[in-house]
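A.B. asks: Let me begin by handing over the structure; questions about it come next.
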Amino acid sequence: MGGGNGTGSTGTEGAIRHGAVPTPRFLPFGDAALIVEFGREKDRALSAAVLALDAAVAAAKLPGITETAPSFRSLLVQFDPLATEAASIEAAILDLLPRLAPGAAGQPRLWTLPACYEGPLAPDLASVAERAGLTPAAVVDRHAAIEHHVYMIGFLPGAPYMGDLPGEIDLPRRRDPRTAVPAGSVAIAVGLTVIYPFESPGGWHLIGRTPAALFGAHGAPGRPDAPVLLTPGDAVRFEPVGGAAYAAIEQAAAAGDWVPEWRPRLPQAPQ
Amino acid sequence: MSGVLRVLDPGLVTTVQDRGRPGYQRVGIPPAGALDTEALALANALAGAPADAAALECRFLGPTLEAEGAAVRVALAGATARGTVTRTDGTSAPFEGWRSLILAPGDRLGLGALGPSATAYLAVSGGLALAPVMGSRSTLMRARLGGIDGRALRVGDRLAAGALPDPADRAERGLEPPRGWLSDAPIRVVLGPQDDHFTPEAVAAFLGSVWRISGKADRMGLRLEGPTLQHHTAPGRGADIVSDGIVTGAVQVPGSGQPILLLADRQTSGGYAKIAAAISADLPRLGRLGPGRTLRFEAVDTGTAAALAAEARAHLQALIGAIAPVRDGLDLDALYRENLISGIADPGD
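Taken in order, these protein sequences are the chains called B and C. Numbering-wise (our numbering), the first sequence opens with residue 1 and increments by one. Numbering-wise (our numbering), the second sequence opens with residue 272 and increments by one.
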C-alpha cells in the first residue's frame with residue numbers, strides 16, 4: 001500500500017534524530033508474524049517511530065513479508081513462514097532502524113472534515129460538557145482546534161484511532177455502551193477520537209457527526225486509490241458546520257458532488 | 272455455456288470464500304477467507320477449479336441448490352454430508368461428499384447436516400464467477416464486503432459457475448476422507464506476544480487443560496471454557512494493553528480469564544493480552560471445530576512451526592495427488608468411461 005515518502009532520504013538530513021527511536025522488542029506472534037514493539041504506552045514519539053519503520057519496511061521490500069500494520073506503539077509484520085523466518089526479518093529491521101526518516105508509508109494527508117456538533121447528531125455533547133466543567137461550545141472549540149493524528153486504523157474497517165485530546169475532555173468510555181451508533185459519528189473517550197465508519201455497537205461519547213464516508217470497497221469517496229479515506233499517519237481537522245450545512249453536504253456527498261479536502265501533511269518527527 | 276446454481280435453501284451460514292484478502296489489515300480489514308483452507312483446496316481440486324477459486328463455505332448445515340442453464344460440476348470436501356442428489360427423472364441418490372458430481376440442468380443437490388467437521392466447501396468447476404473485491408471474493412459479513420453483497424446466501428440467489436473444462440470429460444473424482452482430519456491432537460501454538468502478562472501458573476494451565484468451545488463460535492472466533500487464566504497483577508502486565516495488531520489464530524484472554532481463539536473474520540487490532548497464537552499448519556484444523564468440541568494446546572518454537580508448515584503443505588499436495596476416479600453408480604457414463612480408460616486419474620488437471 002504505497003511506498004515510503006522517506007525513500008529518497010539516504011543521508012542523515014531529514015533522518016529521525018539519533019537516539020530518538022527507542023530500541024524495539026521483537027515479540028513472536030505465531031509462526032507467521034512478529035510484533036516490533038517500541039513501547040507499551042500510547043505515545044506520539046512511539047507512533048512516529050512505528051510509522052517511519054512501516055514506511056522503511058515497505059520501501060525495503062523485504063522478501064517474504066506479506067503485510068504490515070501499524071498500531072499506537074508497535075508494528076505488526078506478517079510473513080510467509082515457508083519463505084522467510086522471524087530472525088531474518090528482525091535482522092533486516094535492526095539494519096533499517098538507524099536510518100529511519102520521519103513520515104509514514106504513502107503520502108500522509110491532512111484532511112479537513114466537516115462535523116456537525118449540534119442537536120441529535122451530538123447526543124453526548126451536553127453530558128461531556130458537564131463532566132468536563134465546560135460549556136458545550138467550549139468542548140466543540142477544543143475538539144475543533146487541534147490536529148488529530150491518525151495513530152492507526154482499527155476496530156472496524158477504515159475506523160481511525162486519533163489523538164490526542166486535551167486533558168479537560170479526556171474521559172473514560174460510557175458506562176452504558178450503545179447497541180447501535182450511527183455511521184459517521186464522531187466520538188471521544190480515553191484521550192482519543194474515533195469516527196464510526198458503519199453503524200455498529202459502541203461505548204464512546206458521541207459529540208458530533210461527519211458526512212465524510214470512511215470506507216468504500218472500490219475506493220473511498222475522495223480517495224480512489226484506497227478503500228479507506230484515512231490511513232495511519234494522516235491527520236484530521238474537524239470544521240464545525242450547522243445542521244443545515246451538514247444536511248447539504250450529506251446530500252451532495254451521496255450524489256457524488258462532494259468529497260473531503262486534504263493537503264499534504266508534513267512529516268512528523270518524534271518530539 | 273456456463274451453468275448457474277440457484278439457491279433453494281441457504282443452509283445455516285453459507286458464504287462465498289476463497290483464500291482471503293491479505294494486505295488490508297493496516298486499514299482495519301481482516302483477511303476473511305476459508306476457515307479451513309485445506310478443505311477449500313481439496314474441494315477446488317475435486318471440482319476442477321483453480322486453487323485460488325472461490326467456493327461456498329458451508330457450516331454445520333449445507334444448502335440445497337438447483338442447476339440451471341447448463342451442467343455444473345460441483346465437489347464437496349471438508350465434511351461428510353447427509354445429502355441427496357435428485358435428478359430431473361425423479362431418481363435420487365445419497366450424496367456424502369469428498370467427491371465431484373455433475374449436476375445437469377434441473378438436478379437438485381441438498382447437502383443436509385455436515386459432520387464431523389463443522390465446515391465443508393462446495394466448489395464448482397472453474398470457480399464461482401463473482402467479481403473480486405479488493406483482490407478477493409471472500410465474504411466479510413461485518414463490513415458487507417465481497418461474496419454476494421457481503422452477506423450469507425439467501426433463497427433465490429443465483430451463483431454462476433465456470434464452464435466445464437471439457438464437456439466430454441464426465442469422469443467424477445473422489446478422495447477418501449483423510450485420516451486425522453478431526454483428530455484430538457493438540458493445537459500447536461507459539462507462546463506470546465504477551466505471555467509475560469500471565470502468571471507462570473496461568474501459562475501452565477493454558478497448556479495443560481482441556482478447553483471446551485462454547486456456543487459463541489463463529490467466523491470471528493471460538494470462545495473457550497476452562498480454568499480461569501490469571502493475568503499478572505503488576506501494573507501494565509494485566510489483561511488490558513494499549514491496542515496492537517492481531518493475527519488469525521491468536522489467543523486473546525480478556526479480564527474474565529477465558530480465552531478467545533481468533534479466526535479469519537476477527538478484528539485487526541485489540542486491547543487484550545494474547546497468551547499465544549496457533550501455528551499456520553494448525554489453522555485449518557481450527558476451522559473444523561464447532562461448539563461443544565474440546566481442544567488442547569501444545570507450545571512449539573518457531574523453528575518447529577516452520578518445519579510443520581512445510582510438512583502440512585506437502586501433506587496437502589499428497590492428498591490432492593490421491594484424488595482418483597469415483598467408481599459408483601451415481602454417474603454411469605463416468606463409470607463406463609473409467610472402465611475403458613485406465614489411468615484417467617490425473618489429479619493435476
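Virtual Cβ for every residue (Gly too), placed ideally from N, Cα, C. Just so you know, these numbers come straight off a predicted model, no measurement behind them.
My understanding is that Pro260(B) touches Ala212(B), with C-beta atoms under 8 angstroms, so please give their C-beta distance in whole angstroms.
C.D. replies: The pair is a contact, with the Cβ atoms about 5 angstroms apart (cut-off 8 angstroms).
A.B. asks: Spell out whether any CB of chain C is found under 7 angstroms from the CB atom of Ala45(B).
C.D. replies: Closer than 7 angstroms: no.
A.B. asks: Is Gly30(B) close to chain C? Criterion is C-beta to C-beta, closer than 7 angstroms.
C.D. replies: It does: the Cβ of Gly30(B) has a partner Cβ on chain C nearer than 7 angstroms.
A.B. asks: For Thr565(C), I'd like the list of residues in its chain whose CB is within less than 6 angstroms of its CB, leaving aside the five on either flank, ordered along the chain.
C.D. replies: Closer than 6 angstroms at Cβ, skipping near neighbours: Val481 and Arg483.
A.B. asks: In angstroms, rounded to a whole number, what distance separates the CA positions of Ala226(B) and Gly219(B)?
C.D. replies: Taking the straight line joining both Cα atoms gives about 5 angstroms.
A.B. asks: Does the distance from the C-beta atom of Ile512(C) to that of Gly463(C) stay below 7 angstroms?
C.D. replies: No, the Cβ-Cβ distance between Ile512(C) and Gly463(C) is not below 7 angstroms.
A.B. asks: So that I know if they touch, is there some Cβ in chain B lying closer than 7 angstroms to that of Arg297(C)?
C.D. replies: It does; some Cβ of chain B falls within 7 angstroms.
A.B. asks: Using a 10 Å radius around the Cβ and a threshold of 16 neighbouring Cβ atoms, would you call Ser514(C) buried or exposed?
C.D. replies: With 16 or more Cβ atoms within 10 Å of its Cβ, Ser514(C) is classed as buried.
A.B. asks: For chain C, find out if any of its Cβ atoms is closer than 7 angstroms to the Cβ of Lys42(B); answer yes or no.
C.D. replies: Yes, its Cβ sits closer than 7 angstroms to a Cβ of chain C.
A.B. asks: Strictly below 8 angstroms CB to CB, what residues from chain C border Arg73(B)?
C.D. replies: The answer, in chain order, is Val513 and Asp515.
A.B. asks: If we define contact as Cβ-Cβ less than 7 angstroms, is Gly158(B) a contact residue for chain C?
C.D. replies: Cβ-Cβ to chain C under 7 angstroms: yes for Gly158(B).
A.B. asks: Under the assumption that Gly233(B) contacts Pro108(B) (Cβ atoms under 8 angstroms), give the Cβ distance between them as a whole number of angstroms.
C.D. replies: Between Pro108(B) and Gly233(B) the Cβ distance is about 4 angstroms, and since that is below 8 angstroms, they are a contact.
A.B. asks: When burial is assigned at 16 or more other CB atoms within 10 Å of the CB, is Val426(C) buried or exposed?
C.D. replies: Per the 10 Å Cβ criterion, exposed.
A.B. asks: Spell out whether any CB of chain B is found under 7 angstroms from the CB atom of Ser409(C).
C.D. replies: False, the Cβ-Cβ gap to chain B never drops below 7 angstroms.
A.B. asks: Can you pull the chain C neighbours of Ile154(B), defined as C-beta to C-beta under 7 angstroms?
C.D. replies: Per the sequence shown, residue 154(B) should be read as Gly rather than Ile. The contacting residues are Gly299, Ser514, Thr539 and Ser540.
A.B. asks: Output the boundary residues of the alpha helix (DSSP H) element that contains Gln251(B).
C.D. replies: Taken as a continuous stretch (DSSP letters only), the alpha helix (DSSP H) holding Gln251(B) covers Gly243 to Ala254.
A.B. asks: Run down chain B in chain order and give the residues with a C-beta less than 7 angstroms from the C-beta of Pro506(C).
C.D. replies: Correct list: empty, because the minimum Cβ distance to chain B is about 10 angstroms.
A.B. asks: Taking C-beta pairs closer than 9 angstroms, name the residues in chain C that Gln78(B) reaches, listed in chain order.
C.D. replies: Within chain C, the residues near Gln78(B) are Pro293, Gln296, Gly516 and Val518.
A.B. asks: Pull the bridge partners of Val522(C) from the DSSP assignment, please.
C.D. replies: Per DSSP, Leu532(C) and Ala547(C).
A.B. asks: Between the stretch 551 to 565 of chain C and the stretch 382 to 391 of chain C, are three or more C-beta pairs nearer than 8 angstroms?
C.D. replies: Yes: at least three Cβ pairs fall under 8 angstroms.
A.B. asks: Is Ser396(C) buried or exposed, if buried means 16 or more other CB atoms sit within 10 Å of its CB?
C.D. replies: By the neighbour-count rule (16 or more Cβ atoms within 10 Å), Ser396(C) is buried.
A.B. asks: Which residue or residues does DSSP assign as beta-bridge partners of Pro160(B)?
C.D. replies: According to DSSP, Pro160(B) bridges with Ile153(B).
A.B. asks: Spatial neighbours of Ala535(C) within its chain, please: CB distance less than 7 angstroms, with the 5 preceding and 5 following residues excluded, ordered by chain position.
C.D. replies: Closer than 7 angstroms at the Cβ level, and outside the excluded window around Ala535(C), lie Gly291, Pro301, Pro302, Ala303, Gly304, Leu306, Arg490 and Thr519.
A.B. asks: Going by C-alpha distance, which of His468(C), Thr539(C), Gly486(C) and Gly349(C) is nearest Gly509(C)?
C.D. replies: If we check each option's Cα against that of Gly509(C), His468(C) comes out closest.
A.B. asks: How far does the beta strand (DSSP E) with Glu67(B) in it reach, from first residue to last?
C.D. replies: Unbroken beta strand (DSSP E) run through Glu67(B): Ile65 to Pro70.
A.B. asks: Please classify Val348(C): is it buried, with 16 or more other beta-carbons within 10 angstroms of its beta-carbon, or exposed?
C.D. replies: For the record, residue 348(C) in the displayed sequence is Ala; it is not Val. Classification of Ala348(C): buried, given that the 10 Å Cβ count is 16 or more.
A.B. asks: Confirm, please, whether the CB-CB distance from Arg379(C) to Thr357(C) is below 7 angstroms.
C.D. replies: Yes; because the gap between Cβ atoms is below 7 angstroms, this pair is in contact.
A.B. asks: How should Lys42(B) be labelled, buried or exposed, when 16 other C-beta atoms within 10 angstroms of its C-beta is the threshold for buried?
C.D. replies: Under this definition Lys42(B) is a buried residue.
A.B. asks: Measuring straight from C-alpha to C-alpha, what distance separates Asp141(B) and Arg73(B)?
C.D. replies: Computed Cα separation, rounded: 29 angstroms.
A.B. asks: Looking at C-alpha atoms only, which residue of Thr470(C), Ser485(C) and Glu496(C) is the closest neighbour of Ala505(C)?
C.D. replies: Out of Thr470(C), Ser485(C) and Glu496(C), Thr470(C) has the C-alpha closest to the C-alpha of Ala505(C).
A.B. asks: Can you tell me which of the three DSSP states Asp257(B) falls into?
C.D. replies: Three-state result, Asp257(B): coil.
A.B. asks: Assuming Gly383(C) and Gly354(C) make a contact with CB atoms under 8 angstroms, what is their CB distance in whole Å?
C.D. replies: Confirmed, about 5 angstroms.
A.B. asks: Looking at the unbroken beta strand (DSSP E) that takes in Phe477(C), where does it start and where does it end?
C.D. replies: Phe477(C) -> not in any beta strand (DSSP E); alpha helix (DSSP H) instead, spanning Pro471 to Gly479.
A.B. asks: How close, in whole Å, do the beta carbons of Val241(B) and Cys116(B) come, if the pair is a contact with beta carbons under 8 angstroms?
C.D. replies: Contact holds; Cβ gap of about 5 angstroms.
A.B. asks: Evaluate contact between the stretch 431 to 442 of chain C and the stretch 491 to 504 of chain C, counting only Cβ atoms and requiring at least three cross-stretch pairs below 8 angstroms.
C.D. replies: The stretch 431 to 442 of chain C is not in contact with the stretch 491 to 504 of chain C.
A.B. asks: For Ile89(B), I'd like the list of residues in its chain whose CB is within less than 8 angstroms of its CB, leaving aside the five on either flank, ordered along the chain.
C.D. replies: Leu34, Leu62, Gly64, Ile65, Val77 and Phe79.
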